[in-house]
Structure formats: structure tokens, C-alpha cells
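Listed in order, the protein sequences are those of chains R and E. Under our numbering, the first residue of the first sequence is numbered 1, with each subsequent residue one higher. Under our numbering, the first residue of the second sequence is numbered 1, with each subsequent residue one higher. Ideal placement from N, C-alpha and C gives every residue a C-beta, glycine not left out. I have placed the structure first, in the form of C-alpha cells, so that the comments after it can refer back to it.
There are 2 protein chains.
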Amino acid sequence: MTGVSTQTVSRVLNKRPDVSPQTRRLVEAAIEEHGFRPSAVARSLVQRRSQMIGVIAAGMKYFGVAQTVNGIAEACEASGYSVILKELGSFDVPDIVPVVEFLLAHRVEGIIFAPPQMGANIRHVQDQLPAARPPVVFLKADPTPEFSTIGIDNRSAAMRATEHLLALGRTRIAHLAGPLEWREARDRRDGWLAALSDAGLEPGPMVAGDWGSPSGVTAFEEILAADPRIDGLFVGSDQMALGALQVANGRGIRIPDQLAIVGFDGLPEAAQFTPSLTTIRQPLAEMGRLAVRELLMALKADLGVDTVHTVELPTELIVGDSAPMPPERARATDPDAESMAPVVTGGQRPG
Amino acid sequence: MTGVSTQTVSRVLNKRPDVSPQTRRLVEAAIEEHGFRPSAVARSLVQRRSQMIGVIAAGMKYFGVAQTVNGIAEACEASGYSVILKELGSFDVPDIVPVVEFLLAHRVEGIIFAPPQMGANIRHVQDQLPAARPPVVFLKADPTPEFSTIGIDNRSAAMRATEHLLALGRTRIAHLAGPLEWREARDRRDGWLAALSDAGLEPGPMVAGDWGSPSGVTAFEEILAADPRIDGLFVGSDQMALGALQVANGRGIRIPDQLAIVGFDGLPEAAQFTPSLTTIRQPLAEMGRLAVRELLMALKADLGVDTVHTVELPTELIVGDSAPMPPERARATDPDAESMAPVVTGGQRPG
DNA sequence: ATGAAAGCGCTAACAC
DNA sequence: GTGTTAGCGCTTTCAT
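So, in C-alpha cells, the structure goes:
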């Protein structure tokens with residue numbers, strides 16, 4: 001309309017080949033001059049694809065969630081998608097439904113749930129999801145036949161952690177748990193119990209914290225009060241383990257000789273704790289990336305093909321000084337030997 | 001069109017008053033039955049407001065950026081806006097321009113830059129920003145007359161940290177700096193130098209790390225090698241301070257008696273370090289929230305009113321055991337006494 | 001209280 | 001190669 005034509009402009013913008021170089025230059029000049037910017041909104045409307053995926057996150061203040069959202073954002077950018085981020089105060093159902101509606105209204109092409117945890121409430125969310133919807137991936141949720149889920153096997157990983165303590169000859173092994181309303185906290189506790197039961201040992205005391213490092217301090221003190229003679233401790237998060245380390249150091253408890261500690265999460269900083277922390281690393285960013293891949297695959301295959309997958313990503317045992325490698329090497333018969341192979345960091349012990 | 005009418009539906013959806021209750025119920029029933037969902041895309045198109053704000057972030061893997069994005073998302077939700085999150089690999093100019101174009105094409109109503117740092121390159125970004133654009137806020141950037149910026153006064157905060165060490169009677173004060181390509185790292189170094197110069201002292205050795213805790217280990221070892229007799233250390237990030245603590249603990253350096261340490265950032269975990277870390281807290285989430293407020297205010301005032309503000313948020317000295325309160329209380333004449341008032345955490349020292 | 005008409009800014013399907 | 005027509009799904013404005 002401006003200088004010369006009407007929607008030849010469209011062809012220019014979309015870099016179609018069927019435009020004469022001359023016209024093209026003309027149009028481009030006009031665009032430049034008028035500071036014209038094509039509306040992606042209108043384009044989304046007519047094409048019925050927004051090139052957006054919706055991310056429903058809660059607790060981004062937690063290291064894990066932030067890491068996962070990062071993985072999602074990265075993978076989206078790499079695939080030409082963008083993310084609409086909805087941060088929720090909580091995952092209670094009444095909160096979630098309007099958010100999903102919002103995302104649907106914006107015609108996102110997929111939705112990822114990235115919570116710090118998934119409890120039973122997720123069932124309700126799943127029930128309330130409208131039938132007509134883009135693909136959805138739940139992170140850290142119980143497997144279902146209806147939705148793709150991506151997570152780790154918390155129970156096995158916790159068993160692996162506990163077995164590491166057992167391999168060090170520890171027999172009185174306590175657990176500093178996460179809040180037991182959280183499924184992940186319960187799964188980790190169950191893994192701890194199972195490993196002890198397999199070894200024919202009684203569980204040591206268990207106290208729950210709230211994932212944060214201050215709660216590690218108080219919970220560990222309660223554990224010590226319950227049984228000062230424990231020689232092994234499995235902690236549900238690295239942050240709580242940090243609190244336990246502070247108490248142990250303050251009381252002159254020698255780690256790992258007197259008490260060996262294994263954490264959970266794989267914070268990058270764990271290697272610089274005093275002493276460096278043995279921990280289970282979760283592939284948090286990978287989870288996010290994989291969730292995007294799942295979505296894109298489902299989008300591609302939108303024929304009735306089966307696009308529901310349940311993925312459990314492998315975890316790693318990162319060995320630090322708080323619970324070093326046992327003298328006899330990891331058993332070669334370990335069924336998960338590959339995925340769960342221990343990784344030894346440069347457990348730094350200066351001086 | 002369906003059951004009864006055409007765009008009376010619109011009135012129903014927008015909860016307009018001028019619809020008979022009867023029709024309303026009819027329409028609502030039809031909506032429910034057909035699983036109809038209004039298109040926010042079409043609405044954005046016709047109303048010319050997307051209710052979206054664009055966030056350009058880089059380095060969300062860093063605690064600080066994640067925290068800030070969290071604050072942004074929170075504040076947006078609270079105001080009925082949503083965020084389109086673009087995560088960048090880096091803030092090099094060629095990368096950024098297309099991202100801004102993308103956001104503009106999506107008709108975001110504001111843009112926030114949330115990088116881990118802002119170097120000189122930001123100038124180029126600012127220069128390349130098109131003239132016709134929604135309001136933009138830069139986080140952590142140098143003040144400019146053209147754009148709103150929100151950050152902290154790194155230099156003053158670093159002076160405050162160093163003065164705390166001086167108040168403890170320390171005279172050989174070293175600095176474990178961040179990477180000096182970063183403006184923030186340089187500002188903190190300058191604050192350290194200024195405080196020492198004001199006190200008439202020579203600066204101790206300085207070595208730069210990369211913000212991460214492993215680099216704290218090696219950099220601190222270099223500092224010790226350069227001058228083993230230092231009695232104070234100001235560290236540019238809490239994570240690097242964690243590395244320094246590990247080395248100090250490993251070598252039997254008594255903290256704070258032999259060496260007092262002050263960090264920077266205010267990680268929540270710093271209180272559980274061994275020993276608990278004295279540090280400068282930055283209001284990271286607040287920065288994000290404030291950025292959103294800035295944007296919304298600018299939106300409201302879009303008359304030629306002056307909407308460019310330069311905000312420097314106050315920081316806090318959090319006193320832990322690594323550099324305790326000096327015997328004589330903080331000088332009452334401190335000009336920043338209020339905003340910079342030290343906060344004493346329960347520096348935990350068990351047993 | 002409701003319907004009809006026009007248009008937001010683009011692209012798809014055809015003509016020319 | 002380029003212009004024309006139509007329509008994406010809404011919200012206006014004006015009639016009724």
C-alpha cells in the first residue's frame with residue numbers, strides 16, 4: 001500500500017523466491033524507512049501456530065526448578081520456539097486451571113509442567129485438563145498412561161546412595177529427609193529403607209527438613225540427639241547436607257571417619273563444601289531439554305501415533321570426601337552399572 | 001453462529017453487563033459443550049495489546065539471574081501480565097538484535113534485560129534499539145539518560161565489606177575478584193581499593209576467579225602463595241568464598257581469628273557455610289519486581305512524561321562468623337547507616 | 001438487549 | 001512476478 005504494492009511485502013518478508021530483486025529492494029527500503037515491523041501476532045492468528053510453548057513453573061527460587069527452566073528455554077531457542085513462562089505460587093488445583101486456560105487461549109503448541117515436586121494433587125490437574133489440548137509433559141510426576149512424564153527414579157538413586165554408605169562398612173545409617181508431603185522425599189526415604197532392609201540392618205533415626213540448609217542444621221541436631229552413635233547419614237538434599245556439615249564441623253565430628261554423609265541433587269557447589277560432599281546428581285537441565293524434545297516429537301507425529309512416553313533419566317553418584325570410594329571397587333554386577341556409574345570429582349583436600 | 005447468536009458471545013466472554021441472563025446461560029452452555037476457547041491471539045491483534053512483557057536473560061544457570069527472573073515472573077503474574085522468556089547464550093550484539101526484533105514482532109508491551117552482568121557491549125545494544133519501541137529496563141547496567149536501569153552500587157557495597165574487615169582491625173586485606181571483564185567485578189575491586197586507600201593501607205594481593213566455587217579454590221591458593229600473612233579477605237561472590245573456605249579449613253587456617261572473610265551476593269546457604277559467611281546481600285528478586293513496576297508505570301504514563309529512572313537498590317551486610325561484628329558498634333555517622341545497616345544472622349556455632 | 005458491518009495485520013489460493 | 005480475494009477470530013461502532 002505504501003510505496004508500491006500490497007502483500008508482495010509478505011513474500012519479501014518470508015524470503016520467498018518469486019520476487020524480482022528490484023521489487024525486493026524497493027520493499028526493503030520502504031520497510032527500513034518506516035521502521036515497519038511485521039506482526040507475529042497476526043501471523044500466529046492466520047497460521048494457527050504460535051511457535052510458543054507454555055511452561056508452568058513453581059518455586060523457581062529453588063535451584064532445581066531454575067535449572068530445569070533454563071534447560072527448557074535453551075532447547076526451545078534451539079528449535080525456533082519461545083516460551084511463555086507462568087510462575088505459580090503453588091500447584092494447588094484452583095490455581096492451575098486458569099493458567100492452563102490462559103496458555104490454551106494463547107494457542108501454545110505444548111505445555112510443560114515444571115514444579116519442584118509433584119504430589120498427589122497432580123492427578124487432579126491431569127483430570128481437569130481439557131480433552132482438546134496440545135501435548136503436555138509433566139516433569140517429576142508419577143508415570144501415567146495418558147501423559148508423558150520425565151523424571152528420575154528417586155527410590156533407586158536413594159538406594160544407590162545408601163549402598164555407598166553400606167559399602168563403606170557403615171551400619172547405623174540415619175536419614176535426613178525432605179518434607180514427607182513431597183513424593184520425592186518419600187521415594188528417597190523408601191530407597192534408604194529398602195537398601196537397609198536388603199542389607200539386613202535396622203534403619204537409624206529419621207528426621208524431615210524442608211529442603212533448605214537451615215532446616216538441615218536443626219534436623220541433624222535432632223538426629224544426633226536421637227542417636228549420637230550413627231556412622232552414616234543419607235540426606236535428601238545437598239542444601240540440607242550443608243547444614244548437617246556445619247553442625248558436624250562445629251561439634252568436631254570427623255567426616256568421613258566418624259560419620260559418612262551422602263547428599264542428593266548434585267549442586268555444583270557440593271564439591272567445595274567442607275569436606276566435599278558425596279551426592280547423587282540429577283540431570284535437571286537435561287530434563288528440561290528432553291521435555292521440549294518430547295513436545296516437538298508429539299507435534300510432528302500428531303497423527304494418532306503413540307506419543308506418550310515415560311522417561312526416567314539416570315542419576316550419577318558423585319564421590320566426594322564426605323563419603324569416599326570404598327576400598328573394594330563398585331560391584332561389577334550392578335545392573336545399573338552404566339547409568340549409575342560413580343563419578344569421582346577432584347575431592348579437594350588442600351594442605 | 002452455533003446455537004443462537006454471533007458475537008453476543010463476545011459480550012458474554014467479557015462479562016459485559018448488557019446481556020440478558022437467559023442468553024448468557026445459553027451461550028455459556030454452548031461454550032462448555034463445544035469446549036470452545038477464545039483466542040487470545042485474535043484478541044491481541046484487534047486490541048493491540050499483548051499483555052506480555054519480554055524478558056531477555058542470559059546465564060539463568062547463575063543463581064542471581066534465576067532469582068531475578070523469578071522476581072520478574074512473580075510481579076508480572078500479580079499485574080495480569082505474562083512473560084515471554086528468551087534465554088540467550090551470550091549478550092554479544094549480533095545475538096541480541098534478532099531477539100529484540102522477535103519480541104517487538106510479538107508486540108510485547110515492555111522489555112527487560114536480565115543478564116548476569118552488563119559490560120560495555122550494552123552500549124551497542126542500546127544504540128541498536130529501534131526508536132519506536134515499548135519501554136525497556138536494563139538490569140545491572142550503567143546508568144544512561146535514555147533508559148531506565150536498576151542495579152546496586154557495587155563499589156559502595158564493596159567498600160562497606162572492606163570497611164567491615166578494617167573495623168575488625170585487619171590490615172593485610174586481599175581480594176578474590178570476579179572476572180575483571182565484568183563491570184561488576186571491577187566495581188567491587190575498586191570499592192576494595194578505595195576503602196583501603198581511605199584507611200591509608202596498601203592493598204593485599206588480588207587474584208580473579210570466574211565466579212564459580214572451584215575457581216575460588218585455586219584463586220585463594222594463589223593469594224596465599226603471594227602473601228601467606230594476610231588477615232582479611234574480600235571475595236567477589238559467595239560461591240568463590242565457599243571455595244576459599246574449603247581451602248582455609250583444609251589448611252587449618254583459623255577463621256575468623258587468623259583470617260576474616262567477607263563474601264558478596266547473599267546466598268541463602270551462606271549462613272550454613274563452615275563457618276557461616278559474612279556477606280553483602282543483593283536484592284535480586286526485588287530488582288526483577290522493580291523492573292516490572294518501572295515498565296508498568298512507563299506504560300501508564302505514555303504521554304511524553306519522563307519515565308526514565310535510574311535506581312540503585314540498597315544492599316545489606318549480613319554478618320556471619322567468618323567476619324563477626326567488631327567490638328565497637330557500627331559507626332553512627334555512616335551516611336548509609338539505614339540502607340546499609342548490618343543484619344546479624346543466627347551465626348550458628350554448634351557444640 | 002442483540003445483530004450487522006468493518007477491520008486488526010497477516011497469509012493462502014487463485015488469478016493475471 | 002505480482003495483484004486480488006478471502007478469511008484467521010476476535011472487538012469495535014452503529015443499527016435495530
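Separation of T310/R and R281/E (C-alpha to C-alpha, rounded to the nearest whole angstrom) is 41 Å.
For Q117/R, the closest Cβ of chain E is not nearer than 8 Å.
Within the DSSP secondary-structure output, T307/E pairs in no beta bridge. Within the region 88 to 123 of chain R, the complete beta strand (DSSP E) segments at least 3 residues long are 111 to 114, listed from N- to C-terminus. Within 7 Å of the CB of T274/R, the CB atoms of chain E belong to L245, Q246, N249 and T274, in sequence order along the chain. For Q128/E, same chain residues with a beta-carbon under 6 Å away, outside a window of 5 residues either side, are V97 in chain order.
A distance below 7 Å between beta-carbons, with the five flanking residues on each side excluded, links G236/R to the following residues of its chain, in chain order: L176, A177, G178, A185, R188 and F264. If only uninterrupted beta strand (DSSP E) runs of at least 3 residues are considered, those enclosed by the region 169 to 256 of chain E are 173 to 177, 206 to 208 and 232 to 235. Listed in chain order, the non-local C-beta contacts of E294/R below 6 Å within the same chain comprise V137 and S148, local neighbours out to five positions each way being set aside. Residues of the region 24 to 56 of chain E with a C-beta less than 7 Å from any C-beta of chain R: G35, R37, P38, S39, A40, V41, A42, S44, L45 and S50, listed in chain order. For A58/R, the enclosing beta strand (DSSP E) begins and ends at M52 to A58.
For the C-beta of A66/R, the chain E residues within less than 7 Å are, from N- to C-terminus, M60 and A66.
Cβ neighbours of N70/R within its own chain (closer than 8 Å, five residues either side excluded): A285 and G288.
Burial state of R48/R is exposed, judged by a 10 Å Cβ sphere holding fewer than 16 other Cβ atoms.
For I223/R, same chain residues with a beta-carbon under 6 Å away, outside a window of 5 residues either side, are A174, P205 and V207 in chain order.
Secondary structure remark: continuous alpha helix (DSSP H) runs of at least 4 residues inside the region 11 to 66 of chain E, in chain order: 21 to 34 and 40 to 47. At a cut-off of 8 Å between beta carbons, I261/E makes no contact with chain R.
Under DSSP, G263/E shares a beta bridge with T279/E. Interface residue (Cβ-Cβ distance to chain R less than 8 Å): P283/E is not classified as such. In this structure, F113/E is the residue among F113/E, Q239/E and Q67/E with its C-alpha nearest to the C-alpha of L88/E.
For S156/R, no beta strand (DSSP E) encloses it; the enclosing alpha helix (DSSP H) starts and ends at N154 to A167.
For P98/E, there are no neighbours in chain R by C-beta distance under 8 Å, as the nearest C-beta there is about 11 Å away. Take T171/R, set aside five residues on each side of it, and the residues of its chain with a beta-carbon closer than 8 Å to its own are L201, D231 and G232, in chain order. With respect to chain E, the C-beta atom of V19/R has no partner C-beta closer than 8 Å. With fewer than 16 neighbouring CB atoms inside 10 Å of its own CB, D18/R falls in the exposed class.
In the structure shown, the three-state DSSP call for L129/E is coil. From the listed residues N14/R, F102/R, A194/R and Q239/R, the smallest Cα separation to S215/R is found for Q239/R. Counting only the Cα atoms, D321/R lies some 24 Å from A225/E. DSSP places T149/R within a strand segment (E or B) once states are collapsed to three. For E316/R, the enclosing beta strand (DSSP E) has its first and last residue at E316 to V319. Neighbours of R107/R in chain E, taken as residues at a C-beta separation under 8 Å, are given in chain order as S39, A40 and V41.
At least one CB of chain E lies nearer than 8 Å to the CB of S82/R. Within chain E, not a single residue places a beta-carbon under 7 Å from that of A208/R; the smallest gap is close to 17 Å.
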